[in-house]
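Asker:
Protein chains: 4
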Amino acid sequence: MTDSATDSWTVAGRTFTSRLIVGTGKYKDFAQNAAAVEASGAEIVTVAVRRVNISDPTQPVLMDYIDPKKITYLPNTAGCFTADDAIRTLRLAREAGGWDLVKLEVLGEARTLYPDMRETLKACEVLAKEGFKPMVYCVDDPIAAKQLEDAGAVAIMPLGAPIGSGLGIQNKVTIRLIVEGAKVPVLVDAGVGTASEAAVAMELGCDGVLMNTAIAEAQDPVRMARAMRHAVIAGREAYLAGRMKTRKYADPSSPLAGLI
Amino acid sequence: MTDSATDSWTVAGRTFTSRLIVGTGKYKDFAQNAAAVEASGAEIVTVAVRRVNISDPTQPVLMDYIDPKKITYLPNTAGCFTADDAIRTLRLAREAGGWDLVKLEVLGEARTLYPDMRETLKACEVLAKEGFKPMVYCVDDPIAAKQLEDAGAVAIMPLGAPIGSGLGIQNKVTIRLIVEGAKVPVLVDAGVGTASEAAVAMELGCDGVLMNTAIAEAQDPVRMARAMRHAVIAGREAYLAGRMKTRKYADPSSPLAGLI
Amino acid sequence: MTDSATDSWTVAGRTFTSRLIVGTGKYKDFAQNAAAVEASGAEIVTVAVRRVNISDPTQPVLMDYIDPKKITYLPNTAGCFTADDAIRTLRLAREAGGWDLVKLEVLGEARTLYPDMRETLKACEVLAKEGFKPMVYCVDDPIAAKQLEDAGAVAIMPLGAPIGSGLGIQNKVTIRLIVEGAKVPVLVDAGVGTASEAAVAMELGCDGVLMNTAIAEAQDPVRMARAMRHAVIAGREAYLAGRMKTRKYADPSSPLAGLI
Amino acid sequence: MTDSATDSWTVAGRTFTSRLIVGTGKYKDFAQNAAAVEASGAEIVTVAVRRVNISDPTQPVLMDYIDPKKITYLPNTAGCFTADDAIRTLRLAREAGGWDLVKLEVLGEARTLYPDMRETLKACEVLAKEGFKPMVYCVDDPIAAKQLEDAGAVAIMPLGAPIGSGLGIQNKVTIRLIVEGAKVPVLVDAGVGTASEAAVAMELGCDGVLMNTAIAEAQDPVRMARAMRHAVIAGREAYLAGRMKTRKYADPSSPLAGLI
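Residue numbers (numbering that gives the first Met the number 0), protein chains in the order written: chain R, 0 to 259; chain U, 0 to 259; chain D, 0 to 259; chain G, 0 to 259.
1) Am I right that Ala-198 (chain U) and Ala-230 (chain U) are in contact with their C-beta atoms under 8 Å? What's the rounded C-beta distance?
2) Identify the contact partners of Glu-108 (chain G) in chain R, using a Cβ-Cβ distance below 7 Å as the criterion.
3) Per DSSP, Val-46 (chain R) forms a beta bridge with which residues?
4) Considering only heavy atoms of the ligand ATP, does any lie closer than 8 Å to the CB of Met-134 (chain R)?
5) Terminal residues of the continuous alpha helix (DSSP H) containing Ile-86 (chain D)?
6) Using a threshold of 9 Å, state whether the C-beta atoms of Pro-141 (chain D) and Gly-180 (chain D) are closer than that.
7) I'd like the list of long-range same chain contacts for Ala-226 (chain U), defined as Cβ closer than 6 Å, with 5 residues on each side in sequence excluded.
8) When you compare only the Cα positions, how much space is there between Pro-161 (chain R) and Lys-132 (chain D)?
9) Identify the continuous beta strand (DSSP E) that holds Lys-244 (chain G) and give its terminal residues.
10) Taking DSSP as the reference, what is the three-state secondary structure of Pro-59 (chain D)?
11) For Ala-127 (chain U), I'd like the list of residues in its chain whose CB is within less than 8 Å of its CB, leaving aside the five on either flank, ordered along the chain.
12) For Gly-192 (chain U), does the count of other Cβ atoms within 10 angstroms reach 16, so buried, or fall short, so exposed?
13) Can you give me the Cβ contacts of Arg-265 (chain R) inside the same chain, cut-off strictly under 8 Å, excluding the 5 residues immediately before and after it?
14) Report the rounded CA-to-CA distance for Glu-129 (chain U) versus Gly-12 (chain D), giving the unit in angstroms.
15) Please state whether the Cβ-Cβ distance between Met-223 (chain G) and Ala-213 (chain G) is less than 9 Å.
16) Taking the alpha carbon of Ile-155 (chain D) as the reference point, which residue from D:Lys-171, D:Val-185, D:Cys-123 and D:Lys-145 has its own alpha carbon closest?
17) With a cut-off of 9 Å, does the C-beta of Val-21 (chain U) fall near any C-beta of chain D?
18) Using the Cβ count rule (16 or more neighbours within 10 Å means buried), how would you classify Lys-182 (chain D)?
19) So which residues of chain R does Pro-133 (chain G) contact, with C-beta pairs closer than 8 Å?
20) Taking only three categories from DSSP, how would you classify Phe-15 (chain D)?
21) What does Leu-103 (chain R) reach in chain G if we use C-beta pairs closer than 9 Å?
22) Which one or two residues does DSSP pair with Ala-154 (chain G) in a beta bridge?
23) Does Glu-141 (chain U) come out as helix, strand or coil in the three-state DSSP assignment?
24) Does Leu-120 (chain R) have its Cβ less than 9 Å from a Cβ in chain G?
25) Distance cutoff 9 Å, beta carbons only. Does Val-267 (chain R) sit that close to anything in chain G?
26) Between Tyr-113 (chain U) and chain D, is there a C-beta pair that is closer than 9 Å?
27) When we look at the beta-carbon of Ser-39 (chain G) and count the other beta-carbons within 10 Å, is it buried (16 or more) or exposed?
28) Would you please state the rounded distance, in angstroms, between the beta carbons of Ile-177 (chain U) and Ala-144 (chain U)? I believe it to be under 8 Å.
29) Any C-beta of chain D within less than 7 Å: which residues of the stretch 189-214 of chain G qualify?
30) What ranges does the alpha helix (DSSP H) occupy inside the stretch 182-228 of chain R, keeping only unbroken runs of at least 4 residues that lie completely in it?
31) Is it buried or exposed, Glu-104 (chain U), if we count other Cβ atoms within 10 angstroms and call 16 or more buried?
32) Taking DSSP as the reference, what is the three-state secondary structure of Leu-147 (chain G)?
33) Assuming Thr-88 (chain R) and Val-48 (chain R) form a contact by the criterion Cβ under 8 Å, report the distance between their Cβ atoms to the nearest whole angstrom.
34) Distance check for Val-60 (chain U) and Gly-22 (chain U), CA to CA, integer angstroms please.
35) Taking buried to mean at least 16 other C-beta atoms within 10 Å of its own C-beta, is Leu-258 (chain D) buried or exposed?
36) Cα separation between Val-10 (chain R) and Ile-43 (chain U)?
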């Protein structure tokens, strides 16, 4: 949107206009994924290193559909349940593609897909020392968020609800506390199910939103991607505009002294 | 938005692309009001006949700022507390400006600004018989909505929360029931305080949203108007796209069978 | 509860200690219904005149199980869709059992079971003139509530959510507005699904709660009836106790100056 | 309540009937605190070791008002910001009073009073090895909850909202996930502001609720204590009773086939 062009955010020295990061799982095929990314306006896609073929030239590759010269690839560690696993996965990603801006997630269990914050913190420290720029999936814990920052996280990515649940932002109070305490960008990662919920995340003051299932599992993923593009802009603009105060009682829009 | 250009709605035979109707109260001046309308993308503005000078050529008039050739004026009966008052007000409006597409509101009391549905129904019947096309502000009552339709309402406009409260859509269940039962357009009128709430209204399947205070009382009304434009598109597109189902448990975006 | 014995409410000149009114539909049998009423502590049960046998001595009757000398019977007009229907039904009830304290409900449609307020108002006026004391099921509309009062309603009974939905109190703002404006008792009728929601109704300042499905369709209706008894007392006591103010930031229970 | 007498819970080998734990901060004086504890029905009170005089016989002591032979004292580490601090505090408490059942909290910062889970886990391990039975205040993180259990926690006490905020249970989804995954009792600690919210905590399947500010800062603390007693029973009974299913559409309590 030209009218929002001056608003941007910066992570690890790179500046982006779009505040929406889109995933690459669960789509029918690469073509649909690419169409959704384009409709979303996203400048970053996140890719599970363990799942997506990023190096075998004999197989179809996502990069034939989503051009890495135009769209920033953010490798992630989906499916890793220990710090060691995640570190190893990202080292391989760096060797294969040269990426250092990465998304770290270390899951605690398959049931809830909640992160294991103890392992996540450990991995974050190691990765930062090795020169990675980790954006980190985490619980909505303002203290853990500060510890991640101290450990070298370049962005804090708290969940808004369990991964893939589509339940919406369950924890507005805590997300706000994290935003108020953070010196690095904060992006809600997981939980958004429809457009208004992406707007809610932005209205809380987040720098961005990451989502996958809400788009990929919509009946019309490309149309939902477009909805999400507008929702993220809407929420961001509303945050910057400064919303009205709520009132307990009604207040007439039209003072009653009339001309008739 | 070119990408949404094919989506439109029709009320009383007139077709509009924008689903956002904007008020004309509480702004600093006509210039700010006009700038907000432009940023909102609205094609309809609503004007309190009792408050706004629509006919005295010696005074500054809103029409010098918001061109009635480009923007549809929707006269409303804000400040009327009886059917007779509202009917008389709209007759004067029709004489002055020729309007027949009007917004009827008959308030029950100054404290809550809730409509008096008994008087509203009475006025709606009379106005429809006189050839008016009344879009009707009402409580969120599915039965009253049907009665208004039978009485000639061309659109049903239930409140989402008290006028000017900014409390958001308090009654999602009832709004949905009204939408499912209505044969004429349904627009949420009153209650929206920030962008995500406009998106919520649209995700419920409403045809549009009317708002005044949320824009006029934002710290930056023009920026909030832009936020609302995106929010209404976002909610509409999300409704059309068909949202994902919610899940109690987490679901991995990235199936765990990996390539590494 | 001896500790709450001094708290009571009065409707149409009759005073009750329990603020919970229980229905008589959907139970397995009369015995289960009676056990639930006892566990609930209710002093009033409501009975659908059209459904329950209140006069044929050859059939089993509810009164053999719930003693009308101990428990006040409140005949209701469930299943009536016009004012005439409801009026005729209550006249029959008065002839059969002498009741004048009645619950009026005139439904607008089978789909939503929302009341038809136009017919409800009409019936309320007629009944009041005939000496009935109508407690009236209605939409959550503060203006209609005042009109019912003016028409002779002895209690206002707004829905909290559609009948039988168990969705909880959807409209806290409006219920509060009704309570603040009413001179007669206000009871939430319909919408409660579990105990905390009955407490919410009471915390809003209502005089009581009426429920049927939440108890009758619980897996263990008698246990749920007991839960509801405690919930209604809890909400009432909390309302009278005056709740703490909410805080945006945390506040230590224990000032940090210590003895150690 | 005699009707709930058979329901009890056990922590570290001790069995309690009441599921409400009450704090001892912010009261006007010891007498008011004692009256509130009695009205609440609590069998456990928690005491900040750093704040409350538990050993100096020349000063007034809480134990003169709340009899430790009848009420279990649960010493807590409020005001400790490191594992070492908390461990030292509880060692002193054990020397002074012989307590081994303790409540561990290690705060991360004064602003939010969120726990520091890294330090909390460390302290939990040490305390368990020294024979303490730590009930542990923690964030609402199902993975951290399991780690605490593995480290010897005898109860998991996630926050429902920031300490002293009175915002209510903000995180129902996560509390439920913790309850489903835990083998030790789960009690919501912090966040409850009024009675219905205590009932919500219990309806999620928690074993109990701990609160301080909601009672101490009510306008009438003793009356609110009584409200909370009923609310906890109500929520527990409702959980055991098994609530009705919610319905999208209304459902008549009274089937329409009538006798009249």
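Note that CB positions come from ideal geometry on N, CA and C, so glycine has one too.
Answerer: The short version:
1) As a first step, residue 198 (chain U) must be located in the second sequence, where it is residue number 199. As a first step, residue 230 (chain U) must be located in the second sequence, where it is residue number 231. In this structure Ala-198 (chain U) is in contact with Ala-230 (chain U), their Cβ atoms being roughly 5 Å apart against a cut-off of 8 Å.
2) Residue mapping note: residue 108 (chain G) aligns to position 109 of the fourth sequence, counting from 1. Near Glu-108 (chain G) (Cβ distances below 7 Å), the residues of chain R are Ile-142.
3) Start at 1 with the first residue of the first sequence, and residue 46 (chain R) comes out as number 47. Val-46 (chain R) has R:Pro-74 as its beta-bridge partners, per DSSP.
4) Judged by which ligands are present, the structure shown has none, so any question about the ligand ATP falls away.
5) Translated into positions along the third sequence, residue 86 (chain D) becomes position 87. Per DSSP, Ile-86 (chain D) belongs to the alpha helix (DSSP H) from 82-96.
6) Taking the first residue of the third sequence as position 1, residue 141 (chain D) is located at position 142. Taking the first residue of the third sequence as position 1, residue 180 (chain D) is located at position 181. Gly-180 (chain D) is positioned such that its CB atom lies closer than 9 Å to that of Pro-141 (chain D).
7) Taking the second sequence and counting its residues from 1, the one referred to as residue 226 (chain U) is at position 227. Excluding sequence positions up to five before and after Ala-226 (chain U), its CB lies within less than 6 Å of the CB of Ala-194, all in the same chain and listed in chain order.
8) Translated into positions along the first sequence, residue 161 (chain R) becomes position 162. Translated into positions along the third sequence, residue 132 (chain D) becomes position 133. For Pro-161 (chain R) and Lys-132 (chain D), the distance between alpha carbons rounds to 52 Å.
9) Position 245 of the fourth sequence, counted from the start, is the residue given in the question as residue 244 (chain G). Taken as a continuous stretch (DSSP letters only), Lys-244 (chain G) belongs to no beta strand (DSSP E), as it is neither H nor E.
10) Within the third sequence, the letter at position 60 stands for residue 59 (chain D). In the displayed model, Pro-59 (chain D) falls within coil according to three-state DSSP, outside both helix and strand.
11) Counting from one through the second sequence, the residue named residue 127 (chain U) turns up at place 128. Same-chain partners within the cutoff: Pro-133, Ala-150, Gly-151 and Ala-152.
12) In the second sequence, counting from the first residue as 1, residue 192 (chain U) sits at position 193. The residue is buried, with at least 16 neighbouring Cβ atoms inside 10 Å.
13) Missing from the structure shown is residue 265 (chain R); chain R here goes from 0 to 259 and no further.
14) Taking the first residue of the second sequence as 1, we reach residue 129 (chain U) at position 130. Taking the first residue of the third sequence as 1, we reach residue 12 (chain D) at position 13. Taking the straight line from one Cα to the other gives about 48 Å.
15) Residue mapping note: residue 223 (chain G) aligns to position 224 of the fourth sequence, counting from 1. Residue mapping note: residue 213 (chain G) aligns to position 214 of the fourth sequence, counting from 1. Taking 9 Å as the Cβ cut-off, Met-223 (chain G) and Ala-213 (chain G) qualify as a contacting pair.
16) Walking along the third sequence from the start, residue 155 (chain D) turns up at place 156. Among D:Lys-171, D:Val-185, D:Cys-123 and D:Lys-145, the Cα nearest to that of Ile-155 (chain D) belongs to D:Val-185.
17) For the purposes of this step, residue 21 (chain U) is identified with residue 22 of the second sequence, where counting begins at 1. For Val-21 (chain U), the closest Cβ of chain D is not nearer than 9 Å.
18) The residue labelled residue 182 (chain D) in the question sits at position 183 within the third sequence. So Lys-182 (chain D) ends up on the exposed side.
19) Along the fourth sequence, one-based indexing puts residue 133 (chain G) at 134. Residues of chain R passing the Cβ test: none, with the nearest at roughly 18 Å.
20) In the third sequence, counting from the first residue as 1, residue 15 (chain D) sits at position 16. Reduced to three states, the DSSP call for Phe-15 (chain D) is strand.
21) Here residue 103 (chain R) is taken as the residue at index 104 of the first sequence, counted from 1. Within 9 Å Cβ-Cβ: nothing; Leu-103 (chain R) doesn't reach chain G, min ~15 Å.
22) For the purposes of this step, residue 154 (chain G) is identified with residue 155 of the fourth sequence, where counting begins at 1. Paired residues: G:Met-134.
23) Stepping through the second sequence from its first residue, residue 141 (chain U) is reached at position 142. Contrary to the premise, residue 141 (chain U) reads as Pro rather than Glu in this sequence. Correct three-state label for Pro-141 (chain U): helix.
24) By 1-based counting over the first sequence, the position of residue 120 (chain R) is 121. Cβ-Cβ to chain G under 9 Å: yes for Leu-120 (chain R).
25) Given a span of 0 to 259 for chain R in the structure shown, any question on residue 267 (chain R) remains unanswerable.
26) For the purposes of this step, residue 113 (chain U) is taken as residue 114 along the second sequence, with counting starting at 1. Yes, Tyr-113 (chain U) lies at the interface with chain D (some Cβ there is under 9 Å from its Cβ).
27) As a working mapping, residue 39 (chain G) is identified with position 40 in the fourth sequence. Counting of Cβ neighbours within 10 angstroms places Ser-39 (chain G) among the buried residues, the total reaching 16 or more.
28) As a first step, residue 177 (chain U) is located in the second sequence; it is residue number 178 there, counting from the start. As a first step, residue 144 (chain U) is located in the second sequence; it is residue number 145 there, counting from the start. Sure, about 5 Å apart at Cβ, within 8 Å.
29) So the list reads Gly-192, Thr-193, Ala-194, Ser-195, Ala-198, Val-199, Glu-202, Asn-211, Thr-212 and Ala-213, given in the order they occur along the chain.
30) Fully enclosed alpha helix (DSSP H) runs of 4 or longer: 194-202 and 212-215.
31) Taking the first residue of the second sequence as 1, we reach residue 104 (chain U) at position 105. Buried, because 16 or more other Cβ atoms sit within 10 Å of the Cβ of Glu-104 (chain U).
32) In the fourth sequence, the residue the question calls residue 147 (chain G) occupies position 148. In the structure shown, Leu-147 (chain G) sits in a helix (DSSP, three-state: H, G or I).
33) The residue labelled residue 88 (chain R) in the question sits at position 89 within the first sequence. The residue labelled residue 48 (chain R) in the question sits at position 49 within the first sequence. So it is a contact: roughly 5 Å between Cβ atoms.
34) Position 23 of the second sequence, counted from the first residue, corresponds to residue 22 (chain U). Position 61 of the second sequence, counted from the first residue, corresponds to residue 60 (chain U). Going from the Cα of Gly-22 (chain U) to the Cα of Val-60 (chain U) covers about 15 Å.
35) Here residue 258 (chain D) refers to the residue found at position 259 when the third sequence is read from its first residue. Low confidence applies to Leu-258 (chain D): its pLDDT is 34, below 50, so where it sits in the model is not reliable, and the reading given next is rough at best. Result: exposed.
36) In the first sequence, the residue the question calls residue 10 (chain R) occupies position 11. In the second sequence, the residue the question calls residue 43 (chain U) occupies position 44. Answer to the nearest angstrom: the Cα atoms are 41 Å apart.
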